Every structure is written in C-alpha cells, then in structure tokens.
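Note that the numbering used here has the sequence shown beginning at 1232, numbered continuously upward. Backbone N, C-alpha and C define an ideal beta-carbon position, used for all residues, glycine too. None of the values given here were measured: they were computed from a predicted structure. Data first, discussion second: the structure below is written as structure tokens.
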Amino acid sequence: MHLLNVRKGQFVYYNNKLHKVYAVKPFFKKSVHLIRLEDLEQELVTAKEITLYKPKHLDSFVFNYQRYTLHKEVKAKVGDYILIINPKPDSLDHHHLHAIEIVSSIEAYGVISNKSNGIKHSEYWVMVPRLEEGATIIDRANPDAQAPNAHEEIRQELHSEPTYTPKIGDVFQYNKSDPVIQAMVVAIEGETVYLGGDIEVHVSKLTNSDAWSLLARVPL
C-alpha cells in the first residue's frame, strides 16, 4: 500500500496475520502503527509491508484471544462487542470506521458504548462471540503459508478456552447489572481477582464473556 491510502481503523494483513491500523505518523520511517487483533500486540511498520482487507458479513476472526463472527443482521445487547461499519457520528460522538466498542446500554435507535458514543443500529455490525455457521475465517491472509497444519491449529483453537489472564490495571464491565458496572483490577491473589468497589470474583468468571467484558487492557 501507499502511505497516502492508509487510514486509521483499516483492517490489514502484516506478516500474514490480521491487524487494525491504530494510527498513521507520516513523518516517521515506520509510520504505520498496528494492533494485532488476536492478542492486541502493537507493531510499527511501513505502508509497503501491509495489505488492505475490507471486513465482510460473516467474517470470523480472533480478537483478544476469543473468536468472533461479524453479523450485520444481529441487534446488539449489553456487553456485546460491535464493529463500526458505517460511522455517522454527531458533534458529541467520536467513533470512527472499524472502531471496536462495547455496548453499555441500549436506546431506541441505537446503543451507547463504553466510550460514551451514541451509535445508531445502522452504523455497526455485532461481533458474535463464536464461529457462526457459514462464516469465513480471516485470521490469516494465506492460511497455508506458515504451516501445513494451519487448519488443524484453527480447529483446536475453536475448542479451547481464551488464554488471556487478567492483570492489575485492566478495566472490566459487568454486563448483568443495571446500570452496568465498570471496575479496575486492583489486586490478584491466586485465582481470585479483586476489582474496585469491593468486587471479588474468580478468574474463570471474569473471563466469561457472557457476564464480563474487557474494556481496557494494560499494555505489556
């Protein structure tokens, strides 16, 4: 790609893996700042090293250690991740193309995200937390490029639990309260995680996406 064509939010492939453009800094040699979607690791690259990809309905990919499928016909519920496909923010909102946000509340004509953005139902697709029937796996530009058993690795990943371990400073949202609760991890003792507001939860429950959503992750 040419640097003039690189935009924040674009899905791209780098080193055969799916990334999202986080920022473009044209005055630096490595001017494109990427986030690898599978584990949120960051990369600094040049524009010629990446290949553009446009997300489609029923595309499936791993985001932050969990597999999701994009679905344009599903209406979001509290706690869902959504991908902004058709951004039309008003003067008070700041969402952009391919922003990934978490639903904090449902309104008549749209949702309010964890970043306090009002997003119309026509602006987003839901990231359904599983591999949907008929989905296309897009984690790699060429699934066979790195290993002959790449398809078997994906099959094993689909049947494994998310591997992300909460860390002090991570921020989580509890989706089953009204209103939803957002709290930071302040301490971890064994398999017990302590969050602000005197919330104590077992690590296995915190990583259950039906009840808890990760809002912010401490950079490594």
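Around the Cβ of A1254, a 10 Å sphere holds fewer than 16 other Cβ atoms; the residue is exposed. Taking 3 residues as the minimum length, the beta strand (DSSP E) runs contained wholly in the segment 1268 to 1354 are 1273 to 1276, 1282 to 1284, 1290 to 1294, 1297 to 1302, 1312 to 1315, 1331 to 1337, 1341 to 1344, 1349 to 1351, in order along the chain. By the Cβ neighbour-count rule, L1323 is exposed, with fewer than 16 other Cβ atoms within 10 Å of its own. In this structure, the beta-carbon distance from D1401 to V1434 does not fall below 7 Å. It is roughly 23 Å from the alpha-carbon of K1256 to the alpha-carbon of I1315. About 5 Å separates the CB atoms of K1239 and V1252; that is less than 8 Å, so the two are in contact. Under the three-pair Cβ rule at 8 Å, the segment 1331 to 1348 counts as touching the segment 1299 to 1309.
Around the beta carbon of T1300, a 10 Å sphere encloses 16 or more other beta carbons of the protein chains shown; the residue is thus reported as buried. For K1436, the three-state secondary structure derived from DSSP is helix. Annotation for K1248: the continuous beta strand (DSSP E) segment containing it runs 1248 to 1255. Within the DSSP secondary-structure output, S1444 pairs in a beta bridge with Q1404. Distance from the Cα of V1359 is smallest, within the candidate group H1302, D1441, F1294, for H1302. Distances from the alpha-carbon of K1351 to those of K1398, L1234, H1327 put H1327 closest.
Ranked by how close their Cα comes to the Cα of H1250, the residues V1416, S1344, K1285, V1424 have K1285 in first place.
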